[in-house]
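Peer 1:
Chains as they are written, first to last, in the working numbering: chain Z, 13 to 160; chain C, 3 to 107.
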């Protein structure tokens, strides 16, 4: 599918960048004029994926998180969040609601459940010792105000 | 993210303001827990009216405060969450441990 526009940013895995990544998503998506609800869904899903990379992927180690946002044809938003952290041993288990490896940090174990529920498609690729890539897609509704 | 905490007749009230994520959760946790320890209230009311964003870190925050309140046999109420934040709450099933209420102010 053709890409109409895209942006790639890379930032260190420090928690202030959770907020920064949400702001980047909001800023980049102004061009497709999403509804308040659509934007909130995407911001929440991105926040979950970036937080996962920071809290679980890199734990106490350092590294970068890559965020790529694409606007595809038919108002579909594609988002890829990639880290080169510790990776996930058992993706199926990690995606179970309420499963967390960081209960002491009060992680609810709902990150993937939120991504799944708020986006149309979620794909997770991971290799222990190499990192994790999360790809999400969401099709936005038709916008009457959009200029042709 | 800011939090204003005060005691009222109905219990201990924490008014949250801004965006709740993993980055600010620890600070909120410490502030609310200290107030719980000092006041040992029967009811903790978490006021979400002015919260503009929350991901699942907020669910962890509510669950953690529920545990704190349990040690004093107290309850937690979630007050006035905006629509989108309510969706994250519904998804998590948090209502099983903390009632969500909407009141007019």
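Idealized CB from N, CA, C, for every residue including glycine.
I want to verify the contact list: residues of chain Z whose CB lies under 8 Å from the CB of residue 61 of chain C, in sequence order.
Peer 2: For the purposes of this step, residue 61 of chain C is identified with residue 59 of the second chain, where counting begins at 1. Chain Z residues near residue 61 of chain C: 120, 122.
Peer 1: Mapping the DSSP letters down to three states, classify residue 82 of chain C as helix, strand or coil.
Peer 2: Within the second chain, the letter at position 80 stands for residue 82 of chain C. Coil.
Peer 1: According to DSSP, is residue 160 of chain Z helix, strand or coil?
Peer 2: Here residue 160 of chain Z corresponds to residue number 148 of the first chain, with the count starting at 1. Note that residue 160 of chain Z scores a pLDDT of 45, beneath 50, so its modelled location is shaky and nothing firm can be said.
Peer 1: Measure the alpha-carbon distance for residue 19 of chain Z versus residue 41 of chain Z and round it to whole angstroms.
Peer 2: Here residue 19 of chain Z is taken as the residue at index 7 of the first chain, counted from 1. Here residue 41 of chain Z is taken as the residue at index 29 of the first chain, counted from 1. Whole-angstrom Cα-Cα distance: 10 Å.
Peer 1: Within 10 angstroms of its Cβ, does residue 86 of chain Z collect 16 or more other Cβ (buried), or is it exposed?
Peer 2: Position 74 of the first chain, counted from the start, is the residue given in the question as residue 86 of chain Z. Exposed, since its Cβ has fewer than 16 Cβ neighbours within 10 Å.
Peer 1: Just to confirm, are residue 148 of chain Z and residue 91 of chain Z a CB contact at a threshold of 7 Å?
Peer 2: Position 136 of the first chain, counting from 1, holds the residue named residue 148 of chain Z. Position 79 of the first chain, counting from 1, holds the residue named residue 91 of chain Z. Contact flag set, yes.
Peer 1: So, with DSSP's three-state summary, where would you put residue 24 of chain Z?
Peer 2: Indexing the first chain from 1 puts residue 24 of chain Z at position 12. In this structure, residue 24 of chain Z counts as strand in the three-state DSSP scheme.
Peer 1: Measuring alpha carbon to alpha carbon, tell me which of C/24, C/15, C/61, C/102 ends up nearest residue 82 of chain C.
Peer 2: Numbered from 1 along the second chain, position 80 holds the residue referred to as residue 82 of chain C. Comparing Cα-Cα distances from residue 82 of chain C to each of C/24, C/15, C/61, C/102, the minimum goes to C/102.
Peer 1: Can you grab the Cα-Cα spacing for the pair residue 57 of chain C / residue 34 of chain Z, in whole Å?
Peer 2: Numbered from its first residue, the second chain carries residue 57 of chain C at position 55. Numbered from its first residue, the first chain carries residue 34 of chain Z at position 22. The alpha-carbon atoms of residue 57 of chain C and residue 34 of chain Z are separated by roughly 11 Å.
Peer 1: Would you mind working out which of Z/118, Z/104, Z/141, Z/155 sits nearest residue 134 of chain Z, comparing C-alpha positions?
Peer 2: The residue given as residue 134 of chain Z occupies position 122 in the first chain. Ranking the options by Cα distance to residue 134 of chain Z, first place goes to Z/104.
Peer 1: Can you name, in chain order, every residue of its own chain whose Cβ lies under 8 Å from the Cβ of residue 92 of chain C, other than the five neighbours on each side?
Peer 2: Within the second chain, numbered from 1, the residue matching residue 92 of chain C stands at position 90. Within the same chain, no Cβ atom closer than 8 Å to the Cβ of residue 92 of chain C is found once the five residues on either side in sequence are excluded.
Peer 1: Secondary structure at residue 29 of chain C, three-state DSSP: helix, strand or coil?
Peer 2: For the purposes of this step, residue 29 of chain C is taken as the residue at position 27 of the second chain. Reduced to three states, the DSSP call for residue 29 of chain C is helix.
Peer 1: For residue 7 of chain Z and residue 94 of chain C, which I take to be in contact (beta-carbon distance under 8 Å), what is that distance rounded to the nearest angstrom?
Peer 2: Since the first residue of chain Z shown is 13 and the last is 160, residue 7 of chain Z is not available in this structure.
Peer 1: Any chance you could list the beta strand (DSSP E) runs of at least 3 consecutive residues sitting entirely within the region 76-116 of chain Z, in chain order?
Peer 2: 76-84, 88-95
Peer 1: Suppose you measure from the CA of residue 141 of chain Z to the CA of residue 77 of chain Z; what does that come to, to the nearest Å?
Peer 2: By 1-based counting over the first chain, the position of residue 141 of chain Z is 129. By 1-based counting over the first chain, the position of residue 77 of chain Z is 65. Distance between the alpha carbons of residue 141 of chain Z and residue 77 of chain Z is about 15 Å.
Peer 1: So that I know if they touch, is there some Cβ in chain Z lying closer than 7 Å to that of residue 49 of chain C?
Peer 2: For the purposes of this step, residue 49 of chain C is identified with residue 47 of the second chain, where counting begins at 1. Chain Z, which has no Cβ nearer than 7 Å to the Cβ of residue 49 of chain C, makes this no.
Peer 1: Could you spell out where the alpha helix (DSSP H) holding residue 56 of chain Z opens and where it closes?
Peer 2: As a working note, residue 56 of chain Z is residue 44 in the first chain. 48-64 is the span of the alpha helix (DSSP H), which, as asked, contains residue 56 of chain Z.
Peer 1: Please classify residue 101 of chain Z: is it buried, with 16 or more other beta-carbons within 10 angstroms of its beta-carbon, or exposed?
Peer 2: As a working mapping, residue 101 of chain Z is identified with position 89 in the first chain. Label assigned to residue 101 of chain Z: exposed.
Peer 1: Would you decide whether residue 8 of chain C is buried or exposed? Buried here means 16 or more other CB atoms lie within 10 Å of its CB.
Peer 2: Residue numbering aside, residue 8 of chain C sits at position 6 when the second chain is read from its first letter. Exposed, since its Cβ has fewer than 16 Cβ neighbours within 10 Å.
Peer 1: Using 7 Å as the threshold, is the C-beta distance between residue 99 of chain Z and residue 25 of chain Z below it?
Peer 2: Position 87 of the first chain, counting from 1, holds the residue named residue 99 of chain Z. Position 13 of the first chain, counting from 1, holds the residue named residue 25 of chain Z. Contact flag unset, no.
Peer 1: From residue 61 of chain C to residue 69 of chain C, what does the alpha carbon distance come to, in whole angstroms?
Peer 2: Your numbering for residue 61 of chain C matches position 59 in the second chain. Your numbering for residue 69 of chain C matches position 67 in the second chain. Taking the straight line joining both Cα atoms gives about 12 Å.
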